[in-house]
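Quick notes on the structure that follows.
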Amino acid sequence: RKEVEQDPGPFNVPEGATVAFNCTYSNSASQSFFWYRQDCRKEPKLLMSVYSSGNEDGRFTAQLNRASQYISLLIRDSKLSDSATYLCVVNDFSGGYQKVTFGTGTKLQVIP
Amino acid sequence: EAQVTQNPRYLITVTGKKLTVTCSQNMNHEYMSWYRQDPGLGLRQIYYSMNVEVTDKGDVPEGYKVSRKEKRNFPLILESPSPNQTSLYFCASGRGGLGYTFGSGTRLTVV
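This is how it looks when you write it as structure tokens:
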């Protein structure tokens, strides 16, 4: 099983739609989680951290389910500018060792 | 402006010719890391550094070296590049649970 798994998509959705992505992780001791956005051939950019209680930033909502070991990202009222690849990131810290694992990304295409 | 600067942005080189990709950050971050990104494989960690003079291997360290003599700089060295190291490389810095800032990337082609 991969350490971090995402559905590669693509998810093709019309403008204004709500879309959700999930990401599963294998290490139950993982400690911090993030969603990044990556545009084609550009660097990944931090979209939001993911907290156990869930967190919202405008049209974006992130959730963490530790029991089932997945994180999710919900995008409401999709815009054309939301078209990108969304990467989930899992951090493991243990005894001074930090492991950062990226999912392979989920591609979103918002269609006019 | 807080940033991570990588150079060069594009590089074409020949097999076996040593090269260095530089990475510098101005945010006083202790943690820095190098990744390569290949189609279908996502971002894979090459090496990371928790602080000055503290480095460790990531998932794909073979063929690469790093050094961390100063907090702000974390160069990636390819002693004898091979075609399978053709890839898009990213440097990143950050503070643990607060996320990471990436450089703009270096597109390397080894012929």
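Protein chains in written order, with the numbering used here: chain A, 1 to 112; chain B, 113 to 223. We put the beta carbon where it would ideally sit given N, CA and C, even for glycine. Please read these numbers as outputs of a predicted model, since none were measured by experiment.
- Residue pairing by DSSP places B:Cys-203 opposite B:Trp-146 in a beta bridge.
- In the three-state reduction of the DSSP assignment, A:Ser-32 falls in the strand class, which pools E and B.
- For A:Asn-27, the three-state secondary structure derived from DSSP is coil.
- The DSSP-derived three-state label of B:Pro-195 is helix.
- With 16 or more other CB atoms across the displayed protein chains lying within 10 angstroms of its CB, A:Arg-37 is buried.
- Bridge pairing for A:Asn-12: A:Gln-109 [DSSP].
- Of all residues in the region 40-52 of chain A, only Arg-41, Lys-42, Glu-43, Pro-44, Lys-45, Leu-46, Ser-49 place a beta-carbon less than 8 Å from a beta-carbon of chain B.
- Rounded to the nearest angstrom, the gap between the Cα atoms of B:Val-172 and A:Asp-77 is 39 Å.
- DSSP places A:Cys-88 inside the beta strand (DSSP E), whose first and last residues are 84-94.
- Ranked by how close their Cα comes to the Cα of A:Ser-83, the residues A:Phe-11, A:Ser-49, A:Glu-43 have A:Phe-11 in first place.
- Residue range 154-163 is occupied by the beta strand (DSSP E) that includes B:Arg-156.
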